[in-house]
Amino acid sequence: MSFLFSLEDKDIEKLEEYIEKEGNVNLVNTWTPLHYACKQSKPENIIEILLLAGANPNAQSNYTPLHIGCIYQTSKEAIELLLEFGADINLKEGKTPRETCHNKELEKLLQEPLLPFQKDFLSFLESEDLYDLEIKCLDGAIKAHKLIIETRMNGVDVNNMLEEFKKISIQNAIIFIRFIYSGFAEDPNVLIEIGTKLKISQNWLDKKAGKANLAKDFKELLQNDLNKDFSIIVEDEYFRVHKVILASRSNLFRGLFLSVNDDSNEVTDHFGASKQSMKKFIEFIYFGELSFSSSTDETIIEMGNLVDFYQINERDFQICLAKNKRKFYQTKKFD
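Under UniProt numbering, the final residue of the sequence shown carries the number 335; numbering is consecutive throughout.
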């Protein structure tokens, strides 16, 4: 297994065979295999395989893999992969990754990434599909979705917001609305400026930023039966959900809701999913998290098939699955 600590592209087949046999990709020989891979100039193929297999992007051994990538000036693609799979830009090993980075191009990447889960909701906003709210601005209007706005603006007077937006340029308004849909702060100064007009504090904005806070709001939405307007039927159980969330995350459901003009508010699952898998699948749709009892849990396979059948963002599933795999690996010293 010593090959793990000097991986190159020529070792990909050997690495995949090792992973197939449930080999531990978080072994430590001073560093983990991911640390060593990040020393290379073009290691993205190796890094992606390791991350998908559950390699920990925040493994700490003097430095994290992100520190190593910055110090050795690895490729842009490698840094993007580490961030996509959860590398923490604020972890300190004496210094943060940014403080160890002497490459301006790489340094620009060291910010919270826009993850596939967030991109789904942004894409839904931009599509203008199934909108039921028009936000009038000083020089235009934004088509949006009332449920998403109200869910994310909890604690804020939405009617007052709609009035205030009539005095705001559409250019600035769309930055704020995109933040509400995704938690991604494209221009913090604009958010603060609009927040002041809406009597929103910096603390409130902070609690809406990032994938975790976006997921938290939609998790609370799922737990509340209010405004649920659709059912997915599995065997004899009705899973109550919100059309707008399904349409944001599933291309199949979005197409269904756009093409069917009747008042149907339920569908029978024809994939043949178990109740347990459907429950996990709906949770994944709403807050982009997965939880399995073991690395060989049969539900994992069924979940993957559901993601494919309902046309969910496969990359989001891969990232969540990799995060879940990490807990099944123990960090062990290589002898």
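Positions of the beta carbon are idealized from the N, C-alpha and C atoms, including for glycine.
Measure the alpha-carbon distance for residue i versus residue j and round it to whole angstroms.
i	j	result
GLN223	ILE71	44 Å
LYS219	GLU150	14 Å
GLU22	LEU306	24 Å
GLU237	ASN324	27 Å
GLU164	LEU198	7 Å
MET153	LEU125	16 Å
TRP31	ASN103	23 Å
ILE170	SER231	36 Å
LYS275	GLU235	8 Å
ASN172	LEU130	23 Å
residue 338	ILE300	It is not possible to answer for residue 338, since the shown part of the chain is limited to 1 through 335.
ASN58	TYR286	26 Å
ASP263	PHE257	10 Å
SER127	GLU298	36 Å
GLU302	SER277	7 Å
LYS39	ASP157	51 Å
PHE121	GLY155	21 Å
LYS166	ILE319	39 Å
ILE192	LEU162	17 Å
Going by beta-carbon coordinates alone, are residue i and residue j separated by less than 8 Å?
i	j	result
LEU7	ILE46	yes
GLU84	PRO113	yes
GLY54	ARG326	yes
PHE117	LYS211	yes
GLN73	LEU50	no
LEU66	ALA37	no
ASN24	PHE5	no
ASP229	ASN265	yes
LEU81	GLU48	yes
PHE3	ASP9	no
ILE168	ILE194	yes
LEU34	ALA322	no
PHE317	GLY304	yes
Report back the beta-carbon spacing between residue i and residue j to the nearest angstrom; my notes put them in contact at under 8 Å.
i	j	result
LEU214	SER182	7 Å
ILE282	VAL241	6 Å
VAL267	ILE312	Their Cβ separation, rounded to whole angstroms, is 16 Å, which puts VAL267 and ILE312 out of contact at 8 Å.
LYS279	LEU290	Going by Cβ atoms, the distance from LYS279 to LEU290 rounds to 12 Å, so no, they are not a contact pair.
ASN26	ASN56	6 Å
LEU226	TYR310	Incorrect: roughly 24 Å between the Cβ atoms, too far for contact.
Which residues share a DSSP beta bridge with residue i?
i	result
LYS143	GLU134
VAL190	Paired residue(s): none; VAL190 is not in a bridge.
THR268	ILE233
(message) Tell me whether the segment 136-153 and the segment 83-101 touch, counting them as touching only if at least three CB pairs, one residue from each stretch, are closer than 8 Å.
(response) no
(request) Flag this pair as touching only if the segment 88-95 and the segment 145-160 have three or more C-beta atom pairs under 8 Å; answer yes or no. (result) no
(message) Assess contact between the segment 191-207 and the segment 244-261, defined as three or more Cβ pairs (one per stretch) separated by less than 8 Å. Is contact present?
(response) no
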